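K.L.:
Numbering (the working numbering), first residue to last: -9 to 220.
1) Determine the DSSP secondary structure at residue 159, reduced to helix, strand or coil.
2) If you drop the 5 nearest sequence neighbours on each side, which residues of the same chain put their C-beta closer than 6 Å to that of residue 6?
3) From residue 214 to residue 32, what distance separates their C-alpha atoms?
4) Just the C-alpha distance for residue 10 and residue 71, rounded to the nearest angstrom, thanks.
5) Only counting the same chain, and skipping five residues up and downstream in sequence, which positions put a Cβ closer than 6 Å to that of residue 149?
6) Would you grab the beta carbon distance between residue 188 and residue 130 for me? Rounded to a whole angstrom, and I think it's under 8 Å.
7) Using DSSP with H/G/I as helix, E/B as strand and the rest coil, what is residue 192?
8) Among 207, 41, 115, 65, which has the Cα closest to the Cα of residue 163?
9) For residue 64 versus residue 91, is the C-beta distance shorter than 8 Å?
10) What is the DSSP secondary structure of residue 106, reduced to helix, strand or coil?
11) Return the first residue and the last residue of the beta strand (DSSP E) that residue 96 is part of.
Set out below in structure tokens:
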């Protein structure tokens, strides 16, 4: 590996962690709210110990624990994924993981998240890079939203045995900016732009996933060829 390639990988790793940090700042605030609610109900139940209060406490604690577990698992799987071409994954699970990590940031911008299709879409690709790419696109949409709200939709489907199509839909996608980045991507230095989520989303899509990228107003489409390893 050349010195240039090594530097590029380091910059991508830095952005990968940096991006999660942007999202988890809001997630930890959500976790604190969940814990606070659990403590509040526990104190109420302790004061009265009525059956109704105890049952409410149990429900809150169970629901809160499940939410904390979900957030923690999503952050852990995002960080622990190793870049490896040809890794078998469920694309729907990848989208759901990114949605969980970005949920609080979306809410702050007034962006609604449509339910993700849970249908199993088994596909071989670089899972770490794919998650990094999708989360970068979501972050770019959040940053350019200017509190206009809208609804974010994440969809995926297998178009044939060797290809999958991922769609990111939102009312306020900056299609012109993303298309300009896509056209100039070969002439832009990553070392000057590794902290730019829109750039990183396009760069990872084209350079690392080898995706065909189609960007029009309100829709980003990534078409991926399956990476088969022996």
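In this text, a Cβ means the ideal position worked out from N, Cα and C, and glycines have one as well.
What you are looking at is a predicted structure, and each value in this text was computed from that prediction instead of being measured.
P.N.:
Let me spell this out:
1) Here residue 159 is taken as the residue at index 169 of the chain shown, counted from 1. Residue 159: strand per DSSP, three-state reduction.
2) Start at 1 with the first residue of the chain shown, and residue 6 comes out as number 16. Correct list, in chain order: 122.
3) By 1-based counting over the chain shown, the position of residue 214 is 224. By 1-based counting over the chain shown, the position of residue 32 is 42. Using only the alpha carbons, I get a separation of about 49 Å.
4) Against the chain shown, residue 10 aligns to sequence position 20. Against the chain shown, residue 71 aligns to sequence position 81. When rounded, the distance between both Cα atoms is 13 Å.
5) If you number the chain shown from 1, residue 149 lands on position 159. The answer, listed in chain order, is 155.
6) Along the chain shown, one-based indexing puts residue 188 at 198. Along the chain shown, one-based indexing puts residue 130 at 140. Residue 188 to residue 130, Cβ: 4 Å. Contact.
7) Within the chain shown, the letter at position 202 stands for residue 192. The answer is helix: DSSP assigns residue 192 an H, G or I state.
8) In the chain shown, residue 163 corresponds to position 173, counting from 1. It is 207 whose Cα lies nearest to the Cα of residue 163.
9) For the purposes of this step, residue 64 is taken as residue 74 along the chain shown, with counting starting at 1. For the purposes of this step, residue 91 is taken as residue 101 along the chain shown, with counting starting at 1. Contact annotation: residue 64 and residue 91 have beta-carbon atoms nearer than 8 Å.
10) For the purposes of this step, residue 106 is identified with residue 116 of the chain shown, where counting begins at 1. Three-state result, residue 106: coil.
11) Indexing the chain shown from 1 puts residue 96 at position 106. No beta strand (DSSP E) contains residue 96, which is instead part of the alpha helix (DSSP H) from 81 to 98.
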